[in-house]
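Read in order, the letters of the sequence shown are residues 25 to 292 in the numbering used here. Take a look at the structure set out below.
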Amino acid sequence: MLDSLAEWLANLDRHVDIPILYGAWSAGRFHYLSLLAVIAGAWFSYAIIRHAPAHRLFRYLGVLTILGLAGELLRQVFALSQNDWAYPWSFFPYAFYMSGLLSGLGIMFFKDRALGKALQSYLGSFAFCGALMVLARPDAFYGHSLLLNVLTVLHHGLVLSMGIALIAHRRQVLYRWFLAASGWMLFFTGIGYATGLMLAQHASLGLYRLFFITPPEVGMMTAWFVSMQRSLPFEQFTLLYYGIFVVVAFVTLNFAVYIMDRLAWEIA
Numbered sequence: 025m026l027d028s029l030a031e032w033l034a035n036l037d038r039h040v041d042i043p044i045l046y047g048a049w050s051a052g053r054f055h056y057l058s059l060l061a062v063i064a065g066a067w068f069s070y071a072i073i074r075h076a077p078a079h080r081l082f083r084y085l086g087v088l089t090i091l092g093l094a095g096e097l098l099r100q101v102f103a104l105s106q107n108d109w110a111y112p113w114s115f116f117p118y119a120f121y122m123s124g125l126l127s128g129l130g131i132m133f134f135k136d137r138a139l140g141k142a143l144q145s146y147l148g149s150f151a152f153c154g155a156l157m158v159l160a161r162p163d164a165f166y167g168h169s170l171l172l173n174v175l176t177v178l179h180h181g182l183v184l185s186m187g188i189a190l191i192a193h194r195r196q197v198l199y200r201w202f203l204a205a206s207g208w209m210l211f212f213t214g215i216g217y218a219t220g221l222m223l224a225q226h227a228s229l230g231l232y233r234l235f236f237i238t239p240p241e242v243g244m245m246t247a248w249f250v251s252m253q254r255s256l257p258f259e260q261f262t263l264l265y266y267g268i269f270v271v272v273a274f275v276t277l278n279f280a281v282y283i284m285d286r287l288a289w290e291i292a
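Spelled out as structure tokens, the structure:
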């Protein structure tokens, strides 16, 4: 069955050039269209959820989580069939980029309990911020496979839409439980760090970075940050990056709240 699915996926896929970062239309067409689709999805989330009752919010988050997990499973099956992954296939649930969908899965079960609120804050701040970073840097996260690129956009676009829905509907929960969300960030970082150590034999290929919060390309970082990465032991750099991510996620959350308040004022 998996072989048949892989053959079907191979027929759907084709080789594409990696989108150029904000270049000409011909070089970045896929990225621009992806951004338009993600913006439309984010606006849809904001419009239908901001005045919705809590049960509808949780149902909406559940639907997006299931869609995201199904898309990610499809992406993994296809990448495995193409020999794209050099690490054991079973490791992908531990990848750091999965933390947003895993948070959505936890919210489906715990809803407004303490654990559910902490996960809501994490999804509406840290995961939301991470999705923005991915969608802003197509040249660092996209590859040469059209289908994999589409599924990458789907994954992070859904996480972004879930974050928008939570910010629009539950911003007080997001702020009140931000410290607990920072704890979840530390937990996911630890999982990624441990998984990276288990896959240390792949470090020369840079694959361990899929399981950790460090950017996959040095070019994404400033010269100062690169020098810090090279001069500090990996454990110290991990803590430094964690601290920076906490600050950036909090700033991103506040910026998103400001934009939503402005939109609400304009609409009114």
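Every residue, glycine too, gets a C-beta built ideally from N, C-alpha and C. As the structure is a prediction and not an experimental result, all values here were calculated from the model.
Check	Outcome
Cutoff 6 Å; reference Gln253; Cβ partners in own chain excluding five residues on either side	Phe261
CB-CB length for Gly187 against Gly148, believed under 8 Å	5 Å
Pro239 (DSSP reduced to helix, strand or coil)	Unreliable placement is indicated for Pro239, whose pLDDT of 45 sits below 50; the coordinate value is still reported in the next sentence. Note: Pro239 maps to coil in three-state DSSP.
Minimum Cβ-Cβ distance from Leu91 to chain C less than 8 Å	Although the question refers to chain C, the structure presented lacks it and comprises just one protein chain.
Burial state of Phe212 (16 or more Cβ within 10 Å)	buried
Three-way DSSP call (helix, strand, coil) for His39 in this model	strand
Per-residue burial, Tyr146 [other beta carbons within 10 Å of its own, 16 or more giving buried]	buried
Status (buried if at least 16 other CB within 10 Å, exposed otherwise) for Glu96	buried
Residue range of the unbroken alpha helix (DSSP H) whose run includes Leu172	Leu170 to His193
Leu229 in three-state terms, based on DSSP	With a pLDDT of 47 at Leu229, under the threshold of 50, the modelled position of this residue cannot be trusted; read the value that follows with caution. Three-state result, Leu229: helix.
Where Leu256 sits in the DSSP three-state scheme	coil
Whether Gln144 touches Leu198 by CB criterion (8 Å)	yes
Contact between the region 136-143 and the region 156-176 (3+ Cβ pairs under 8 Å)	no
N- and C-terminal bounds of the alpha helix (DSSP H) containing Val127	In the sequence on display, residue 127 carries Ser and not Val. Segment Ser123 to Phe134, the alpha helix (DSSP H) holding Ser127.
Secondary structure of Arg99, DSSP reduced to three states	helix
CA-to-CA distance, Leu125 to Leu93, given in whole angstroms	7 Å
Which of helix, strand or coil DSSP assigns to Tyr84	helix
Assigned secondary structure, Pro117 (DSSP; H/G/I helix, E/B strand, else coil)	helix
Other residues of its chain near Ile191: CB distance less than 8 Å, five sequence neighbours each side excluded	Gly148, Phe152, Leu198, Leu277, Ala280, Val281 and Met284
Residue nearest to Leu203 in terms of C-alpha spacing, selected from Gly267, Leu98 and Leu156	Gly267
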